[in-house]
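Reading through the C-alpha cells given below for one structure.
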Amino acid sequence: MNGPGIDYQAAFQALPGAVALLTCDLVYADANEAFLSMAGRTREQVVGRYLFDVFPDNPGDPAATGMRNLYTSLRRVAATGERDAMALQRYDVEDPDRPGVWQERYWSPVNVPVLAPDGTVALLLHRVEEVTELIKARGGRTGGDRAQVLEAELYTRARELQDVNERLRKAHAREREVALHLQQAMLPVPRRLGHHRAAVRYRPAVGALNVCGDWYDLVDMPASGRTAVAVGDVVGHGLRAAGVMGQLRSALSAASHVAAGPAQALEVLGLYARSVEGAESTTAVSVFVDWNDLVLTYSSAGHLPPALCHPDGTVVFLDQATDPPLGARPEHAPRPQAQAAFTDGCVLVLYTDGLVERRGEDIDIGLTRLADSLARHRAADPDALGDALLVDLIPPAGLTDDTALIVIRL
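Numbered according to numbering that gives the first Met the number 0, the sequence shown terminates at residue 409, and the numbering increases by one at each position without gaps.
Shown next, in the form of C-alpha cells:
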C-alpha cells in the first residue's frame, strides 16, 4: 500500500539535529537550517562549496587535527559504505562577523553513507552535535583550574579512543590484505579449456574479510577429453573457514584426476572430510564435462543444482543426483550421479547459495531469478555473462552470504 506523499526536503530542513549532505568529493550538496544556524553560515556560503574551504583548520593552532580527522572519516565512509561515529573533536570555527577571529568549538560528528539503488555510495550524511557548551558548563560548576583539568581529561580520553580505533582499523586492513593473498593463492584464475572459455567470479558478503569457505575448481583432463568442474561451501566465514576450504578444494581436485566420475570423487572427499575439523556439513557439487560425447555427468553433496542453458534459452537445473552434505551420514555410502546431454553453444553455471538465497524468500524464487537472467544474457561471452549475473542477482544492499560462480561456454 502506498503511503501519502512525503516532502523529504521539508523533512530534511525540519530535522532538529544539525545535518549536511556532501558529495563523495566532499562538496556540500545541502544543509538543513539547524546546521547553518549552528555554523553561523548562510546557505550561499555553504552549498556548492568544498567542505574545507568553508571550514578550514585554525591557522593559529599548529596542533589542530580536526580537518585531517574529518577528512579521513568521510573518505572511509565513501570507500567502505559503512557508518563512522567519530570521537570528540576540537574543531575551531572562524567568526563569520570577525574575519581572523577563531572560536574554540568542540563537536561530536557521525558520518553515514547514503546509498544509490545499485548499492554504491551516492552521498555522505554528516551529522554533528556541538558539545562546546557542555564542556564550558563543566568548568562553570567546578571552578577554573578544575574546569581546565576536566576539559583536558575529556578531550584526551576522546583522542585516545580515536587513536585506538585507528589502530584497530589498521589491524583490520592488514588482516584483510592477508586474506586477499590467501584467496588469490587458493582460488586462481582458470586456464583456457581447449577452445572452450570459462569465467569465475567470487564476491564476499558485506563486511567480510574477502575470504571465506566458498570455493570453485576446474580440473582439465585432456587425455580423457574431460574437464571436472566443482563448487563448494564450507560452513562459516573468515580465515578458519578458508583454511578448511583450501584443504577440501585440494582434496577434491586430486580425487577428480583419478576418479571414474563425480560421484566417486565426492565419495573420496567425504571420507577425507571426516578427518578435517570444521568440514562437517560442507556442501559441494561436481560436474564432469565429456567434450567428446557431449555429456555432463554430475553429483551433488547437498549443494544447489548447476544450471544448464541451451542455445534457445531453455534452462535446466541438474537436480537428479542430490545427496546429503559431507559428513551428514554416520556410515559411508555410495553417492548417486546422473547425466545430461548438451550441444555446442550451451552454457553451464555452477554457483554457491549466496547468489540465489535471500532471507525470508523461497529458494525457488532465487532459482527462477537465476534462470531468467541466464536466458537473457546467454549469448554473452563467459566473462560478460558472469558480470551480468552478478548485476542482476546481487541485491542493492550487497550480499549477505559469500558467493562463488563458474560460467563455462560448452
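The C-beta atom is built at its ideal place from N, Cα and C for all residues, glycine as well.
- DSSP places F316 outside any alpha helix (DSSP H); the residue lies instead in the beta strand (DSSP E), whose first and last residues are 314-316.
- Remark: C-beta atoms of A300 and A229 do not approach each other more closely than 8 Å.
- Using a Cβ distance threshold of 8 Å, L247 and G231 count as a contacting pair.
- For R40, there is no enclosing beta strand (DSSP E), as DSSP marks it with neither H nor E.
- By alpha-carbon distance to L369, the top candidate from L293, A197, F316, D219 is F316.
- C-alpha of L270 to C-alpha of D380: approximately 37 Å in a straight line.
- Less than 8 Å divides the Cβ of L14 from the Cβ of N31.
- By the neighbour-count definition (other C-beta atoms within 10 Å, threshold 16), Q102 is an exposed residue.
- R202 is a Cβ neighbour of L389, given a cutoff of 8 Å.
- For the region 54-131, the full-length alpha helix (DSSP H) segments reaching 4 residues or more read 65-79 along the chain.
- A direct Cα-to-Cα measurement between S255 and R168 gives close to 41 Å.
- Taking a cut-off of 8 Å for Cβ pairs, the region 302-316 and the region 356-370 touch, as three or more such pairs fall below it.
- Your pair D56 and G65 checks out as a contact, with CB atoms roughly 6 Å apart and the cut at 8 Å.
- Per the C-alpha coordinates, the member of A63, E93, S107 positioned closest to D83 is S107.
- Within its own chain, the residues whose Cβ lies closer than 6 Å to the Cβ of E128, once the five positions on either side in sequence are excluded, are S107, listed in chain order.
- Of all alpha-carbon atoms in S252, V243, V234, the one lying nearest the alpha-carbon of M220 is that of S252.
- Taken atom to atom, the span from the alpha-carbon of G4 to that of L265 is near 57 Å.
- If you check the CB distance, T402 and T321 do not come in under 8 Å.
- In the pairwise beta carbon analysis, the region 59-77 is classified as touching the region 112-131: at least three pairs are separated by under 8 Å.
- Within the region 194-272, the runs of beta strand (DSSP E) at least 3 residues long that lie entirely inside it are, in chain order, 196-202, 211-220, 225-236.
- Remark: C-beta atoms of P116 and E81 do not approach each other more closely than 8 Å.
- Taking V257 as reference, the option from D343, L409, A222, V199 with the minimal CA-CA separation is A222.
- The C-alpha of L307 is placed about 11 Å away from the C-alpha of D318.
- Of the candidates L25, T22, A17, V120, A17 places its Cα closest to the Cα of G39.
- Between Q338 and L295, the beta carbon gap of about 7 Å places them in contact (Cβ cut-off 8 Å).
- For D289, there is no enclosing alpha helix (DSSP H); the enclosing beta strand (DSSP E) covers residues 282-289.
- Each residue's CA atom was taken as its position, placing V243 and G212 some 7 Å apart.
- Taking C-beta atoms as the reference points, D29 and L20 count as a pair closer than 8 Å.
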